Each structure stands twice: as structure tokens, then as C-alpha cells.
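Colleague: This is the structure I want to talk about, given as C-alpha cells.
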Amino acid sequence: MWQVLAIYLVGGWAVLQVVDTLASVLQLPDWAPSMALFLIIIGLPIVLATAVIQGRSGPSGVEIPAEAASGGTTATAGPPGRDLFSWRNALGGGVAAFALWGVVSAGWILLGDTRGAAADDASGPDLRSIAVLPFVTRAASGDEDAVIFAEGMHDDVLTQLSKIDSLTVISRTSVMQYAGTTKTIRDIATELGVATVLEGGVDRAGSRVRVNVQLIEAVTDRHLWAETYDEEFTAENVFAIRTDLAREIARALKATLSPEVEQRLAERPTDNVDALELANRAHYVFESRGAFGGALDEVESLYLQAIEADPGYAAAYVGLANAYLSAWNWQRLPPEEAQPKARGAVERALEFDPNLAAAHVAHARLLDFELRHDEATRAIQRALELNPGSSDAHALYAQQLQRQGRYEEAVREGRVAVTLDPLSILSRQRLADRLFYTRDYEGSIIESDKVLEMEPGDWYAWYNKGWSLGMLGRDDGAVAAFETALPLADDQEGTVRSGLAWALARADRPAEAREQLEILDAEPSYDIALVWWEMGEAQRAFDVLAQALEDDPRQLQRMLLDPSAEAFTADPGFDAMLQRLGMARED
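With this note's numbering, the residue at position 73 of the sequence shown is 56, and numbering never jumps.
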């Protein structure tokens, strides 16, 4: 019996090694090895019982008593159960047990594999959902050039992967929050809602660039693919590395690559390494200091230098256009200066690369600023065809859908943007806006609260809450939200103060509302006109609004969509004022 036990344990161990190998190769679920172990445990007492019973029998299965063995004539049948507990039955049972394991595993591969086309069921995230963590560098601390190069490579890989429509790729804003993190891969994947994570490092030493990456399945911590690139530092090699990375990751995740996507992956934005480095630095400055229109001179200078190094570098024109549009949006440049600069940069980008998705996104933003909304919608649809994984494109499309009154579609696109960029405060702010404009005030408050969980001092989240609370008739809460936002708003104090005046007017506190307007002492705007309307001074409200629309006609479209202005715009005096200005609602 002891010999049989030893043989069984060794054999069981060998079987488990084979099972583990098959589970890894075939990407079987965690229960597959556990099921095999359970079958081996069940078989152990059966084999031991067979060994005991058969050990007391002769070769024919008949017990030979002592008398017969010493020449006597008495012989009796073997012990009870010898026919059931035979080696033939034990072997057959083992084969049947592992045939069952094979059938169940094969069934899972064919019907339950989360890598299939219907992989988005409740069993967990699709394996084709991926977060690319910020690339690390072993360069000396404070080496900004190395950090900029690593971030540039990281951005390039994200852009390439987001072109593949069968992948869900988390956007830059969310993954950058894990730079230098000590969190586990599984924790990161859970927070971002993905099944796979790519991590790696980028080092540049002299004329060489080295990139090492590994693709990990988060739940099992299993490596799906890994590679090291060690090449001469040229623009051609840098782009070849990012293209190969995207292709290999797509293959590892069983993602589909159409010929059109293959062609877009292979495109090289520039062959000039100086232009590449200058554009990377400009993008780094813009992301770190220029998102609200700041650092414009530095960003503009760097992109212009990149364009001088390669006049056909479309991506540099896009970056330049985005800088101008941001400065325009945040009133760092007047429209008459920002508009021609942004348009010139966008048109050059599209001239040199009509299939650059980022150029179409910038074009859509420009057209939106120019109040050419139908054209903006077409531009953003083209961007999504070229890069379906762009969070910014989905967010901008949501805005255009909202303008057309397609509110449910707008919210859906906003939620897609949040899925692609779940830790992005801006994505959730935009979704809160979409929900407010679709009159889902409770939903808007929920999204604002999620922003405040990530950043309690975010003024815009408090500002959004103030408007939603006010529309729900919770006037004290609205006033409190605006008051919380006020000291946090920095150079947007005027925006918040006009909201506070509106909330005070709705709370029947007109003296305090007037006091806020006196402090504000701002140029006429529809926000201020709305305050006068809420205080019951309709004529003054129309006078202020007329001046505001003469200064900036774009405010009309926003006002017509704004639920808080619904009663104002429904008043007959509103259309009379538009007629005097030579304007109409469809303008």
C-alpha cells in the first residue's frame, strides 16, 4: 500500500504540472487547476482501497489461505468488493475523471472565454481592456530630458493602441496618476476597470534607446507578452518601436487589426529627431502648465521650433492649435487673435496628414468656437472613425449631440469618455455638465461628488453642484456650494461669483445678490443678465443680455440650451430683443 501511495502522489504531482501548463497556454480560468486537484484527492481513497483489497488476492483475484499455501486443499474466494475495487476499474475511473476535466475546460474555451466577441459579460473585464502605466526611466533624478522622452513614448503608445477599435484603452489622464505608485497591478486594474496592464521602462543613453515592456493579466498576475527593444536613437526607430508594440499587444490580446488600422499604425509623423524632441517638450509643458491657457508663449515657441525643423510635421501643428484654442477658451487670448492662429495651424495639420485623428478633434473644437456646429459634428465623427478610443473625441461628440437636442446620446457618449478616462476630473466634469443640460440634476450632483472624492478642492465641481442644487430648489445648499467654490476658483472667481449671485436671487435674498454683482463689476454677460431676471428686473436683464450678445454672439447658443435660463428665453421680450439685434434663435 505504501508503494502505491508513493506512486500515486508522484503521478498526481506530474498530472498537476501538466494541468498548470495547459491552463497557462490555453488561458483557462482559476478553477481549472483546482478542479484537477479535487479529482486527484477524490481518487486517492479509491486507489488505496483497491491496493488493500487487491494486495490480499492472488493473481486471479482469489485469496489463498495458509493451508492452501502449505499444500492443503482448502481455498476460498477473495475479500468482498474485489470485483469493484479492481485495478482495471481504478484506471478507468481516473481516465474518465480527467476526460471530464478536459470536456469542461474545452467547453469553457469554446463558450465562456472572455476573449471572445461577447467578452463584455458579467464575468469580469474583457481581456482586451488595457491600461498602459507611465513608463519609468533609470536616468538620474532631475533629468527632465529623460522624463520628457519617456512620457513622449508613453503618449505615442497610447495613441497607437487607441486606434484599434477592438481594444479599450484607458486615457493618459487616468494612467498618469499611477506614476511612481506602490499599488499592485491587480489594484490598479480594479480601479481602472481593465483586465490587462502594460508596464515598462524607457532609457536613452547617447545614441541608443532601450525600451522594455511586459503585458500582464491583472487577475492572475500572468505575463502575456514581454519584449525588449535596443535600437539606435532615430525618429524612424522610435516610431517603429511604438508600432511594433501596438501590433504585438493586439496579437497577445486577440484584438482584430483591419488593413486600414495596420496602415495607420505604420505611419511615421516625422523623420526629424529634433522636431520630435521639441514637440515632445512642448506637449510636456502644455500638459503640466498649459491646459488652462497658461504657458502659452513657451508652448508656442517650442512647437514653432519643431515646425521649423520639419515644416510637414502635422502633429506639431495640432499641438500649436490646441494651445491657441485653450488660450481662447480661458480668455488668455482675445478671439480676434486666437481664431486666425488656431485656424491656420489646424488647416496646415490637415493638409499634411488628413488622416490624423487629433487634427480632426482640434478642427471640431475650432468649428465649435466659430459656431459652425454641423461642421463640428462631422469633424468629430471623422476623428472617431480614425481613433475610436479617444476620450476627448467622445466628450466633444457628446457636446455636439447635446446642442442638437439628442440628450440621451450625449450622456451615453459622455459615459464612454469617462469609461476611457475614469480618473480624469475633466471627463467627469464634462459628464456632470451633460447631465445638467439634460435636466438630470441628481445625476450631475453624483458626478460632481465623484470629482470631489478625487479632488476635494475642485472649484468647478462645487460650482456645478451649486447650479444643480439651485435647479432642484435646494437654495441653501446651492448658496453653500458656490460659497465653497469661491475661494478655490483663483482666476475664475468672477464665474463663481455670478453663480453665487444667481443662487442668492433664487433664495429671495436680493440685497446679497446685488452686493455680489457690485463686487463682480464685470462686463455684461448672460450669467449676469440671468441674475437680474431672477430678481424680477426683466428690462434690465434684457439690456445687459443685449450688450453681452453684441460683444460675444456665442453666448446665445449656450443660453438657449441652459435649463436655468428656460423661463428667461421663453419670455416674449427675449425674441423682441433678438429682433432688435438682427439675431434669431437658430443663430
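Where is the CB? At the ideal position from N, CA and C, for every residue including glycine.
On a predicted model such as this, the values are computed, not experimentally measured, just so you know.
1. Less than 8 Å between C-beta atoms, sequence neighbours within five positions excluded: which residues of the same chain meet that for Gln143?
2. Leaving aside the five residues before and after Leu564 along the sequence, list all residues of the same chain whose C-beta is less than 8 Å from its C-beta, in chain order.
3. I believe Arg169 touches Val115 by the beta-carbon criterion, under 8 Å. Please report the beta-carbon distance rounded to the nearest angstrom.
4. Quick check on this structure: which residue in Arg361, Arg348, Ala233 and Tyr267 has the alpha carbon closest to the alpha carbon of Tyr307?
5. What runs of the alpha helix (DSSP H), each 4 residues or longer, lie entirely inside the stretch 468 to 511?
6. What residue range does the alpha helix (DSSP H) around Arg205 cover?
7. Hey, how far is the Cα of Met136 from the Cα of Pro252?
8. Just how far apart, CA to CA, sit Tyr212 and Ala366?
9. Between the stretch 283 to 296 and the stretch 182 to 195, do at least 3 Cβ pairs fall closer than 8 Å?
10. With contact counted as at least three CB pairs below 8 Å, one residue from each stretch, are the stretch 468 to 483 and the stretch 441 to 454 in contact?
11. What are the boundary residues of the alpha helix (DSSP H) that Gly556 is part of?
12. Below 7 Å CB to CB, which residues in the same chain sit around Glu210 once its five sequence neighbours on both sides are set aside?
13. Taking 8 Å as the threshold (C-beta atoms), are Ile199 and Arg191 in contact?
14. For the beta strand (DSSP E) holding Val185, just list the boundary residues, first then last.
15. For Lys146, is the classification buried or exposed, using 16 other Cβ atoms within 10 angstroms of its Cβ as the cut-off for buried?
16. To which residues of the same chain is Phe557 closer than 6 Å at the C-beta, ignoring the five residues directly before and after it?
17. DSSP three-state label for Glu200, please.
18. Do you know how far the Cα of Met560 is from the Cα of Tyr267?
19. On the three-state DSSP scale, how would you describe Arg457?
20. Give me the Cα-Cα distance between Glu330 and Pro294, rounded to the nearest whole angstrom.
21. Looking at the unbroken beta strand (DSSP E) that takes in Ser407, where does it start and where does it end?
22. Using only CA atoms, which one of Gln522, Ala133, Val119 and Ala172 lies nearest to Gly163?
23. Who are the Cβ neighbours of Tyr161 in its own chain at under 7 Å, not counting the five residues just before and after it?
24. Starting from Ile363, trace the alpha helix (DSSP H) in both directions and tell me its first and last residue.
25. Name the two residues that bound the continuous alpha helix (DSSP H) containing Ile429.
26. In this structure, how does DSSP classify Thr151 when only helix, strand and coil are distinguished?
27. Between the beta-carbon of Val479 and the beta-carbon of Leu500, is there less than 8 Å?
28. Distance, Cα to Cα, Ala238 vs Thr151?
29. Counting along the chain, where does the alpha helix (DSSP H) carrying Ser112 start and finish?
30. Should Pro405 go down as buried or exposed, given a rule of 16 or more other Cβ atoms within 10 Å for buried?
31. Give me the Cβ distance between Val386 and His356, rounded to the nearest whole Å; I'm assuming they're in contact under 8 Å.
32. For Arg187, collect the residues of the same chain with a Cβ closer than 7 Å to its Cβ; drop the 5 residues on either side in sequence, then sort them by chain order.
33. Let me know if Ala(-3) comes out buried or exposed under the rule of 16 or more other beta-carbons within 10 Å of its beta-carbon.
34. Quick one: grab the DSSP three-state call for Arg315.
35. Looking at the structure shown, is Arg386 part of a helix, part of a strand, or coil, going by DSSP?
36. From the DSSP secondary-structure annotation, give me the bridge partner or partners of Arg191.
Modeller: This is what the structure holds:
1. Indexing the sequence shown from 1 puts residue 143 at position 160. Correct list, in chain order: Arg225, Thr226, Leu228, Ala229 and Leu248.
2. Within the sequence shown, the letter at position 581 stands for residue 564. Closer than 8 Å at the Cβ level, and outside the excluded window around Leu564, lie Ala529, Leu532 and Glu533.
3. Counting from one through the sequence shown, the residue named residue 169 turns up at place 186. Counting from one through the sequence shown, the residue named residue 115 turns up at place 132. Incorrect: roughly 16 Å between the Cβ atoms, too far for contact.
4. The count along the sequence shown starts at 1 and reaches residue 307 at position 324. Nearest of Arg361, Arg348, Ala233 and Tyr267 to Tyr307, Cα basis: Arg348.
5. 476 to 489 and 493 to 503
6. As a working mapping, residue 205 is identified with position 222 in the sequence shown. Segment Arg205 to Glu215 is the beta strand (DSSP E) holding Arg205; no alpha helix (DSSP H) there.
7. If you number the sequence shown from 1, residue 136 lands on position 153. If you number the sequence shown from 1, residue 252 lands on position 269. Each residue's Cα considered, the two are about 13 Å apart.
8. Locating residue 212 in the sequence shown gives position 229, where the first residue counts as 1. Locating residue 366 in the sequence shown gives position 383, where the first residue counts as 1. Near 31 Å, if we compare the C-alpha coordinates of Ala366 and Tyr212.
9. no
10. yes
11. Locating residue 556 in the sequence shown gives position 573, counting from the first residue. Looking at the DSSP string, the run of the alpha helix (DSSP H) that includes Gly556 is Pro555 to Leu564.
12. The residue given as residue 210 occupies position 227 in the sequence shown. Closer than 7 Å at Cβ, skipping near neighbours: Val196 and Glu231.
13. The residue given as residue 191 occupies position 208 in the sequence shown. The residue given as residue 199 occupies position 216 in the sequence shown. 8 Å or more divides the Cβ of Arg191 from the Cβ of Ile199.
14. Position 202 of the sequence shown, counted from the first residue, corresponds to residue 185. Note, Val185: beta strand (DSSP E), Thr179 to Ala188.
15. Position 163 of the sequence shown holds residue 146. By the neighbour-count rule (16 or more Cβ atoms within 10 Å), Lys146 is buried.
16. The residue given as residue 557 occupies position 574 in the sequence shown. Cβ within range, chain order: n/a, list empty.
17. Here residue 200 is taken as the residue at index 217 of the sequence shown, counted from 1. If DSSP states are grouped into helix, strand and coil, Glu200 belongs with the strands.
18. Taking the sequence shown and counting its residues from 1, the one referred to as residue 267 is at position 284. Taking the sequence shown and counting its residues from 1, the one referred to as residue 560 is at position 577. Near 47 Å, if we compare the C-alpha coordinates of Met560 and Tyr267.
19. Position 474 of the sequence shown, counting from 1, holds the residue named residue 457. Arg457: coil per DSSP, three-state reduction.
20. Working through the sequence shown from its first residue, we reach residue 330 at position 347. Working through the sequence shown from its first residue, we reach residue 294 at position 311. Whole-angstrom Cα-Cα distance: 13 Å.
21. On the sequence shown, position 424 is the one that residue 407 refers to. Premise fails: Ser407 is in no beta strand (DSSP E) and is neither H nor E.
22. On the sequence shown, position 180 is the one that residue 163 refers to. The candidate whose alpha carbon is nearest that of Gly163 is Val119.
23. Here residue 161 is taken as the residue at index 178 of the sequence shown, counted from 1. Contacts found: Leu116, Pro117 and Ile171.
24. Reading the sequence shown from its first residue, position 380 is the one you call residue 363. Segment His356 to Leu369, the alpha helix (DSSP H) holding Ile363.
25. The residue you call residue 429 lines up with position 446 of the sequence shown. First-last of the alpha helix (DSSP H) with Ile429: Tyr424 to Met437.
26. In the sequence shown, the residue the question calls residue 151 occupies position 168. Residue state, collapsed to three classes: strand.
27. In the sequence shown, counting from the first residue as 1, residue 479 sits at position 496. In the sequence shown, counting from the first residue as 1, residue 500 sits at position 517. No, Cβ-Cβ distance for Val479 and Leu500 is not below 8 Å.
28. Counting from 1 along the sequence shown, the entry for residue 238 is found at position 255. Counting from 1 along the sequence shown, the entry for residue 151 is found at position 168. Answer to the nearest angstrom: the Cα atoms are 10 Å apart.
29. Working through the sequence shown from its first residue, we reach residue 112 at position 129. Ser112 -> not in any alpha helix (DSSP H); beta strand (DSSP E) instead, spanning Ser112 to Val115.
30. Along the sequence shown, read from residue 1 onward, the residue named residue 405 stands at position 422. Under this definition Pro405 is a buried residue.
31. By 1-based counting over the sequence shown, the position of residue 386 is 403. By 1-based counting over the sequence shown, the position of residue 356 is 373. Looking at the sequence shown, residue 386 is not Val but Arg. With a Cβ gap of about 5 Å, Arg386 and His356 count as contacting.
32. Stepping through the sequence shown from its first residue, residue 187 is reached at position 204. The residues are Ala129, Phe132 and Phe216.
33. Within the sequence shown, numbered from 1, the residue matching residue -3 stands at position 14. Under this definition Ala(-3) is an exposed residue.
34. Taking the sequence shown and counting its residues from 1, the one referred to as residue 315 is at position 332. Arg315: coil per DSSP, three-state reduction.
35. Here the question's residue 386 lines up with position 403 in the sequence shown. Here Arg386 sits in helix by DSSP.
36. Position 208 of the sequence shown, counted from the first residue, corresponds to residue 191. Per DSSP, Ala188 and Glu215.
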